[in-house]
Structures are given as structure tokens and as C-alpha cells.
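The structure appears right after this line, and notes come after that.
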Amino acid sequence: MLALALALVMTSGDAYALNGMFKGAGTARVVISEPTEAGRACGVSEGLIEAAVLGPLGATTLVLDPPANPDLVLQVNVSTVRVTGGDCVSSLSLRVGNTQDVKLSFSKIKRSYPILVFEKTGFLASPPPDHGATVATGIGEITKAFAGDYDLDTRW
Numbered sequence: 615m616l617a618l619a620l621a622l623v624m625t626s627g628d629a630y631a632l633n634g635m636f637k638g639a640g641t642a643r644v645v646i647s648e649p650t651e652a653g654r655a656c657g658v659s660e661g662l663i664e665a666a667v668l669g670p671l672g673a674t675t676l677v678l679d680p681p682a683n684p685d686l687v688l689q690v691n692v693s694t695v696r697v698t699g700g701d702c703v704s705s706l707s708l709r710v711g712n713t714q715d716v717k718l719s720f721s722k723i724k725r726s727y728p729i730l731v732f733e734k735t736g737f738l739a740s741p742p743p744d745h746g747a748t749v750a751t752g753i754g755e756i757t758k759a760f761a762g763d764y765d766l767d768t769r770w
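Numbering (this note's numbering) for the sequence shown: 615 to 770.
Written out as C-alpha cells, the structure is:
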């Protein structure tokens, strides 16, 4: 039953990648938000999240954490609460984008704005002993979706 809920929930969120969106992007910085106190109590750590993200990204041609400004920034967020009665519930998100200078047609002023090129989200619930592994699987699936889009855009 949980596997079905996981599959249904993990399909929520939107992916913004279009054909050719990532062509020319070769570097990325991964930014992982610090797990909440409830997350840590449920087995979610920054190292667990990092491993779940870096695994799928290792199959891409992206150079991670370059010394100069990256082409893309991957923001990974996991927020966890513990429900009365015991289960852990986590909200997951992967947002990929960059900041670009933009001059709006009605203004003479140029400003930097965040540009979102990919976003995928989900919610997961599981008992505390299993929750770290559940979150790692969920983050891995979200990251695989991005890696697949990136791979299709940049390898052909």
C-alpha cells in the first residue's frame, strides 16, 4: 500500500525542462537544506540526501561544484515532521535554475531574477526506522527525473 502511495505522490510536481533546455549547461552546484530536527530523529541526514542526489548525477556529464559560477544550481529540500502516533512525513523538492539579468519591457532597469528550469516535488510517509531509506529512494527518483532530462538534452 505504501509503495502505491509513494508512486502516486512522487508523480506530483512539475518538470519544466523542454527539448534543448539544458544544452550548453555543463556545471552545477548542489545546495542541500539542513534536515529538520524531526528529520534527523526520523533518520534523515544531509549525508543521506547528498548520496541520494549524487548517485543519479554521477551518470550525467555535469561537473559538480565548479570553482567559478555554475551554469545551474540544484536546490534540494527535505522537510520532515513526526505525526502523532509515530509515522514520519517528509516533503521533498528538487529545484533547478539559475539567476539571469532581465530587463522588463516596461522598465529601463535591469535586475537579476531567479529562473526555474526544473522542479519536482513529493510527499512521503513511513515508520521512523524506515524513513531515511524511504526519503533516499524518493530523492533519488526525483534526481533521476532531472538527470534523464539533462541527459537527453546534452548527449544528442
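Heads up, the beta-carbon is just placed ideally off N, CA and C, and yes, glycines get one too. Every value quoted in this text rests on a predicted model; they were computed, and no experiment measured them.
Between the options, which has its C-alpha nearest residue i's C-alpha?
| i | options | result |
| --- | --- | --- |
| T674 | A655, V690 and A642 | A642 |
| D763 | S726, P670, Y727 and A750 | P670 |
| A652 | N683, I663 and S704 | S704 |
| D765 | D744, K717 and G672 | G672 |
| R709 | G699, A655, E648 and N691 | N691 |
| G634 | P741, G736, F732 and F737 | F732 |
| P743 | A761, P649 and R654 | R654 |
| T735 | I723, K722, E755 and K724 | E755 |
| L730 | F760, F720 and T694 | F760 |
| V645 | L718, E660 and T694 | E660 |
| F737 | S647, S726, K717 and V695 | V695 |
My assumption, with CB atoms under 8 Å, is that residue i sits in contact with residue j. Please give the rounded CB distance.
| i | j | result |
| --- | --- | --- |
| G752 | V658 | Contact flag wrong, Cβ pair sits at about 11 Å. |
| A739 | C702 | 7 Å |
| T768 | V667 | Not quite, the Cβ-Cβ distance comes to about 18 Å (not below 8 Å), so this is no contact. |
| N712 | D685 | 7 Å |
| G699 | L676 | Not really, about 41 Å apart at Cβ, beyond 8 Å. |
| L688 | A750 | No, L688 and A750 are not in contact; Cβ-Cβ is about 16 Å, not under 8 Å. |
| D715 | K722 | That belief does not hold up - the Cβ atoms of D715 and K722 are roughly 13 Å apart, past 8 Å. |
| S693 | T650 | 6 Å |
Based on the DSSP output, what are the partners of residue i in its beta bridges?
| i | result |
| --- | --- |
| N683 | Note: N683 sits in no beta bridge, so no partner. |
| E733 | R709 |
| P728 | T713 |
| L738 | S704 |
| T693 | Rather than Thr, the amino acid found at residue 693 in this sequence is Ser. Paired residue(s): S705. |
| L688 | V644 and V710 |
| V677 | T641 |
Using beta carbons (cut-off 7 Å, strictly below), is residue i in contact with chain C?
| i | result |
| --- | --- |
| G672 | Protein chain content of the structure displayed is limited to a single chain, and chain C is not contained in it. |
Subject >> Whole runs of the beta strand (DSSP E) within the segment 642-669, excluding any shorter than 3 residues >> reply: none
Subject >> Ranges of the alpha helix (DSSP H) found wholly within the segment 741-769, counting only runs of at least 4 >> reply: 742-769
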